[in-house]
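Peer 1:
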Amino acid sequence: MDIDEGSGSGSNQKEDKDVYESTIDMAFQKFADRLAQNPEQVIRYEFKGQPLLYSKGDAVGKMLSGSGSVGKGNEKVTTSSVNGNGIPRCGLCGAGRVFEVQLTPHAIMELEREEMSLDGMEWGTIIVGVCERDCQQGGVEVGVAGYVEEWAGVQWEELNERR
Numbered sequence: 008m009d010i011d012e013g014s015g016s017g018s019n020q021k022e023d024k025d026v027y028e029s030t031i032d033m034a035f036q037k038f039a040d041r042l043a044q045n046p047e048q049v050i051r052y053e054f055k056g057q058p059l060l061y062s063k064g065d066a067v068g069k070m071l072s073g074s075g076s077v078g079k080g081n082e083k084v085t086t087s088s089v090n091g092n093g094i095p096r097c098g099l100c101g102a103g104r105v106f107e108v109q110l111t112p113h114a115i116m117e118l119e120r121e122e123m124s125l126d127g128m129e130w131g132t133i134i135v136g137v138c139e140r141d142c143q144q145g146g147v148e149v150g151v152a153g154y155v156e157e158w159a160g161v162q163w164e165e166l167n168e169r170r
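Heads up, my numbering is the position in the sequence shown plus 7, with the first residue counted as 1.
1. According to DSSP, simplified to helix, strand and coil, what is V49?
2. So, for Q144: in the same chain, excluding its five sequence neighbours on each side, which residues have a beta-carbon less than 8 angstroms away from its beta-carbon?
3. Would you call N45 buried or exposed, if buried means 16 or more other Cβ atoms sit within 10 Å of its Cβ?
4. Mind checking Q109: buried by the 16 CB within 10 Å criterion, or exposed?
5. Can you give me the start and stop residues for the alpha helix (DSSP H) that R41 sits inside?
6. Please work out which residues of its chain come closer than 8 angstroms, Cβ to Cβ, to E117, disregarding the five sequence neighbours upstream and downstream, and give them in chain order.
7. From R104 to G136, what distance separates their C-alpha atoms?
8. Cα separation between P95 and K21?
9. CB-CB under 7 angstroms to G93, same chain, minus the five flanking residues each way: which ones, in chain order?
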């Protein structure tokens with residue numbers, strides 16, 4: 008293969024760079040840069056913090072970043088929380104939900120450590136929002152575990168071709 012290094016002009020290289028940079032998902036770049044600081048981490052925990060978005064272009068990213076409307080889907084609750092973070096309200100008490108924890112891509116490797124299959128999970132991050140009032144299921148006796156459904160948003164890995 009012949010490569011003619013002398014024929015490229017500076018303006019073409021600048022145009023190529025501009026096109027490349029315009030296609031970079033800046034949210035993903037921030038996500039990748041932050042996780043590169045500690046590539047072994049499996050979860051990120053920060054109660055009432057800010058999730059690290061994998062993308063702002065998918066439904067979860069748009070919901071949490073406030074950058075557009077969420078597409079039609081099978082969302083259970085569509086009202087935003089009191090503090091405006093985009094996470095749906097608590098279905099039990101109606102209070103706002105806040106970010107608490109998210110799984111990082113390294114969790115995939117840990118969860119599938121024993122698997123020999125080539126097909127694996129295809130998510131970028133899973134974000135969990137919990138009731139800001141930490142409400143409890145009614146009618147549960149003291150000392151007995153009760154359960155409340157919380158919200159989880161999955162940001163899927165964007166693959167050029169699906170298997």
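Glycine included, every Cβ here is placed at the ideal spot set by N, Cα and C.
Peer 2: Well, looking at it:
1. Sequence index remark: in the sequence shown, residue 49 carries index 42 (1-based). Correct three-state label for V49: coil.
2. As a working note, residue 144 is residue 137 in the sequence shown. If we look at Q144 and ignore the five residues flanking it on each side, its Cβ neighbours are L99, G153, Y154, V155.
3. Counted from its first residue, the sequence shown places residue 45 at position 38. Classification for N45: exposed.
4. Looking up residue 109 in the sequence shown gives position 102. Result: buried.
5. One-based indexing of the sequence shown puts residue 41 at position 34. It spans 33-43 - the alpha helix (DSSP H) in which R41 sits, taken as one unbroken run.
6. In the sequence shown, counting from the first residue as 1, residue 117 sits at position 110. If we look at E117 and ignore the five residues flanking it on each side, its Cβ neighbours are V49.
7. Stepping through the sequence shown from its first residue, residue 104 is reached at position 97. Stepping through the sequence shown from its first residue, residue 136 is reached at position 129. Roughly 6 angstroms separates the two Cα atoms.
8. Here the question's residue 95 lines up with position 88 in the sequence shown. Here the question's residue 21 lines up with position 14 in the sequence shown. Rounded to whole angstroms, P95 to K21 spans 43 angstroms at the Cα level.
9. As a first step, residue 93 is located in the sequence shown; it is residue number 86 there, counting from the start. M70, L71, G73, S87.
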